[in-house]
Every structure is written in C-alpha cells, then in structure tokens.
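Everything on this sheet refers to the single structure shown next.
In my numbering, the protein residues as written are 43 to 522.
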C-alpha cells in the first residue's frame, strides 16, 4: 500500500471514528437530559418503536429485557386503583413507584431486588385488577401502548432493538446502538460511492465528511428511529448497482424495506439502470416496457416473500390473515393517506420542503428552549438539487458519474413526490435522511467535475431545448 493510500485510509478511519463519537455523544446527551428532567427516556417517535420492540420481545418471543441498574414493571390495571394502599404495600417491600401516566391506565414499579418486586406484584394482584405487566424500562404514556406492535411498519428495526434489550440492556442509551452502527456504515458507504464514481480520494473523503457533519444524519443516527436504516440500505443498493450487481442491489432494497417501506423508492433508480444495461444497443419502447414491468413484478414478489419471512414470528402470534391485513394491505393504505389533521399534529412537510429547511420536524426540546430538528444543511441541499436539475443535459452527454448520482437523487426523490401526489401528504422531514447520502454524492460529483466548457455546453443544450419547445408551442397555436 503506497503512502497516499495509507493517508487516505487513515483519514477515512478518522472520519468514521469522529462520526461514531458524535453519535454516541448525542445519544448520551439525550439520555442524560431525560434522566435530569425525570422523563421516561424516549426521544421523538422512539415512544412507538422502542415500546413495540419491548412488546415483541416479551409477548411474541416470550423473553424478558435485560435489566440495567434495577428491575422494573409497567403495570396496567382496570378499574379504580387505591393508590394509597398500593404505596403502602410498595413501602413494605422497598419498591419505588411512578404514577406519572395520564393516557395509560397504569404505573411503573421498580426495585434493585427482583424478589421484592415480584412479591409486591403478587400482593398488588390481591387488591387491584392487574390486566398486564410489561417488564423492563418504563413504557411511554400512550393509550394501549402495552399491546402496540407498530404493524404499520415492518419489524426488522424492532427486532434489532429487542435483541439489544435482551443482550445489552433495556436502557435509553442502549436502544440507539443499532442506529449508531447504521449511521457510521452510512458514512462509509457514502465514501465508497464517491470513490467509485470519481476515483478521487479527496472527493470521496469530502463527501463522507459532509454527510457525517450534516445535522439530520447526526440526529437520526443518535436516536432509535427507522430512517437511518433506510438510508443505509439505499446506499448499499447504490454501491452494488454501480458494479452492475443488480440482483444484490435489489436484495439490499428488499432488506431495507424490512425496516421501512420507503426504502422501496430506491427501486426507481435501480430499475432505470437495470433497463439501460439490459437494453444496451437494442432500444425500443416495447422492450423497455417489458424489462421494466418484469423488474417490478419480480421485485414485488420478492418484497412479499421477504416481508413474510421477516414476519414469521408475528404471523405465529397474530395469525396470517390478521398479520397480512395490518402489516401489508393496512400498512400500504396507511402510508398513502393523510395520517393526522389538526393543530395537535406534528409538523409535516412536502418533499421539496426538505431542500429549503421549511416545516422541519422537531425531534426533541432541551431545557432553555433549545430544539433539535430533523433538517439537513439546507443551503447545500438546495444547491445540490438546483445544480443537478440545471446540469441535467450532462446526463445525456455521457457523464457517467453525474448520470448515476442524478439518477439516484432524482429517482428516490420522485418516489416521495409520487407518494405525495397519490395522497400520502403526511410526510415528515426526518424521512429526508434517505436522501442525505444522495445529496452529498451529487454535490461532490457536480463540484469535482465542474468546468467552464461544461457550463457552456449545458447552457447551449437548454437553449436548444427551449427553442424546440417554443417552436412546438408556436405550431400548436398555428403561429408558424
């Protein structure tokens, strides 16, 4: 390995280490603040994903989370609870209680001694109608959360969180370890893509650095949401497609769809690149239609197969019909409609808002008014999108690096726009993390290949296009 390659690898490792450290730092910062304000530990939509992961671990896999520091039960009851009597029994066994629940008919009991906690629970059942007990860290305050399985989203992220709960521990800092690993790998694959596109170490390192520093990537890699996994498998698919390994590229998308369905938007650029390769030298509209149709039929069947395989534990718990209605048909219907209306709803956005920093989703509030929002470096995002559109003629001029980066950025973005058009108007800005590596890949390609001759060529191409459009309009209006 020559000296320049050693330096490149060293710088890459430094970027990856810095990325991991900052993700861990923010994970710890969220955890510390929740403990300081006596909160329940959850950040943003972790209330749904972490709670459902715990329910899956306990109710589907019949395993208990590994306790950290103390043993705890979220106890759900029916009817009226004699709180003073419960507190009296708890004091006998040295059990501490938290009654700060308003939506969930329950409370949290915890102790450093498992036997004492179980004795308390036995006595409690004598005086209260206990309907459910969820072991582990305290559940969030939401009605019916003890039975919630988050079936509107695929289960793989919940399996990851549940595995961490069972092996490492059920504790806020640990819930996010999977996201931290995914975020670090996301930076790595962004580097690999830029390196493959441009064959330039500085450009690849710059692309990875920009992504690692992006606040949207940092925030989503520090909390236990689904979208950083979507971004990861999107760039894995991108990387595989660059080497024309289209079957593996599709497989990466299908695995990503087991975390969240919107990974499937990556099939749009894969299908275009696959069709281009398949039809090389023999293009016709009929052939194109046949290839693309076959691609999506095969991908659709693969999607159903992978969803069923990943859903086997849930199918065993719910039954196939119930699982299919909730996890496939119900989930698709849920994603393609407006999910929430009214002032109490979180801020939603249109896909183009993500490039201007408008209508950003608030992930968390720190004391003193500091808020953490799901927004990237929007000036860079805006520049990347506008420049990509302006330089579109380069796509047709044989610039392969630009063609690939453009295909992926505009292809995946078009998936969100299509979803918005057909009715899925409740989209949130944290979805945009899937686009983050594509934005910086495109930005890097544009800057690395920029030159005066190319600008002149693009301007002439646009002039030619507008001339033809003007002539066509004139003919339609019988002016020529």
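Virtual Cβ for every residue (Gly too), placed ideally from N, Cα, C.
Spatially closest choice to residue i from the options, by CA coordinates
{"i": "residue 420", "options": "471, 52, 512", "result": "471"}
{"i": "residue 145", "options": "458, 182, 174", "result": "182"}
{"i": "residue 119", "options": "83, 188, 359", "result": "188"}
{"i": "residue 482", "options": "284, 75, 418, 275", "result": "418"}
{"i": "residue 343", "options": "306, 362, 324, 363", "result": "306"}
{"i": "residue 238", "options": "486, 311, 464, 140", "result": "486"}
{"i": "residue 55", "options": "75, 227, 82, 309", "result": "227"}
{"i": "residue 302", "options": "511, 376, 327", "result": "376"}
{"i": "residue 195", "options": "519, 513, 372, 516", "result": "372"}
{"i": "residue 224", "options": "476, 496, 241, 170", "result": "476"}
{"i": "residue 414", "options": "80, 262, 199", "result": "262"}
{"i": "residue 269", "options": "186, 336, 478", "result": "478"}
{"i": "residue 231", "options": "220, 277, 502, 193", "result": "277"}
{"i": "residue 338", "options": "363, 288, 490, 362", "result": "288"}
{"i": "residue 459", "options": "391, 73, 423", "result": "391"}
Same chain, Cβ closer than 7 angstroms to residue i, neighbours up to 5 away in sequence not counted
{"i": "residue 381", "result": "468"}
{"i": "residue 334", "result": "313, 317"}
{"i": "residue 66", "result": "222"}
{"i": "residue 310", "result": "453, 454, 456, 457"}
{"i": "residue 199", "result": "91, 268, 271, 301"}
Residue i classed as buried or exposed, judged by whether at least 16 other C-beta atoms fall within 10 angstroms
{"i": "residue 286", "result": "exposed"}
{"i": "residue 207", "result": "buried"}
{"i": "residue 94", "result": "buried"}
{"i": "residue 409", "result": "exposed"}
{"i": "residue 132", "result": "buried"}
{"i": "residue 256", "result": "buried"}
{"i": "residue 244", "result": "exposed"}
{"i": "residue 488", "result": "buried"}
{"i": "residue 393", "result": "buried"}
{"i": "residue 212", "result": "buried"}
{"i": "residue 345", "result": "buried"}
{"i": "residue 265", "result": "buried"}
{"i": "residue 180", "result": "buried"}
{"i": "residue 49", "result": "exposed"}
{"i": "residue 214", "result": "buried"}
{"i": "residue 151", "result": "buried"}
{"i": "residue 304", "result": "buried"}
{"i": "residue 69", "result": "buried"}
{"i": "residue 44", "result": "exposed"}
{"i": "residue 218", "result": "buried"}
Through-space distance from residue j to residue i, alpha-carbon basis
{"i": "residue 349", "j": "residue 397", "result": "32 angstroms"}
{"i": "residue 399", "j": "residue 63", "result": "26 angstroms"}
{"i": "residue 359", "j": "residue 368", "result": "13 angstroms"}
{"i": "residue 216", "j": "residue 201", "result": "14 angstroms"}
{"i": "residue 499", "j": "residue 426", "result": "19 angstroms"}
{"i": "residue 385", "j": "residue 351", "result": "39 angstroms"}
{"i": "residue 97", "j": "residue 267", "result": "16 angstroms"}
{"i": "residue 75", "j": "residue 84", "result": "11 angstroms"}
{"i": "residue 71", "j": "residue 453", "result": "36 angstroms"}
{"i": "residue 321", "j": "residue 280", "result": "20 angstroms"}
{"i": "residue 175", "j": "residue 117", "result": "5 angstroms"}
{"i": "residue 149", "j": "residue 168", "result": "17 angstroms"}
{"i": "residue 407", "j": "residue 86", "result": "10 angstroms"}
{"i": "residue 177", "j": "residue 432", "result": "56 angstroms"}
{"i": "residue 404", "j": "residue 474", "result": "14 angstroms"}
{"i": "residue 89", "j": "residue 79", "result": "17 angstroms"}
{"i": "residue 512", "j": "residue 325", "result": "28 angstroms"}
{"i": "residue 443", "j": "residue 374", "result": "34 angstroms"}
{"i": "residue 502", "j": "residue 515", "result": "20 angstroms"}
{"i": "residue 355", "j": "residue 209", "result": "19 angstroms"}
{"i": "residue 170", "j": "residue 186", "result": "18 angstroms"}
{"i": "residue 102", "j": "residue 507", "result": "59 angstroms"}
{"i": "residue 416", "j": "residue 259", "result": "9 angstroms"}
{"i": "residue 114", "j": "residue 143", "result": "15 angstroms"}
{"i": "residue 130", "j": "residue 122", "result": "16 angstroms"}
Residue i CB to nearest heavy atom of the ligand SAH below 8 angstroms
{"i": "residue 116", "result": "Within the structure as shown, the ligand SAH is missing, as the structure has no ligands at all."}
Cβ shell of residue i (< 8 angstroms), same chain only, five flanking positions each side left out
{"i": "residue 57", "result": "229, 233, 247, 250, 251, 254"}
{"i": "residue 347", "result": "none"}
{"i": "residue 173", "result": "118, 119, 120"}
{"i": "residue 401", "result": "389, 390, 391, 392, 395, 471"}
{"i": "residue 329", "result": "321"}
Other residues of its chain near residue i: CB distance less than 6 angstroms, five sequence neighbours each side excluded
{"i": "residue 357", "result": "365"}
{"i": "residue 379", "result": "465"}
{"i": "residue 204", "result": "95, 98, 99"}
{"i": "residue 315", "result": "283"}
Within-9 angstroms CB hit, residue i to chain C
{"i": "residue 377", "result": "Of the chains in the structure shown, none is chain C; there is only one protein chain."}
With contact counted as at least three CB pairs below 8 angstroms, one residue from each stretch, are the stretch 288 to 296 and the stretch 438 to 458 in contact?
no
Contact between the stretch 98 to 116 and the stretch 156 to 168 (3+ Cβ pairs under 8 angstroms):
yes
Validate contact between the stretch 159 to 168 and the stretch 131 to 140 using beta carbons, cut 8 angstroms, 3 pairs:
yes
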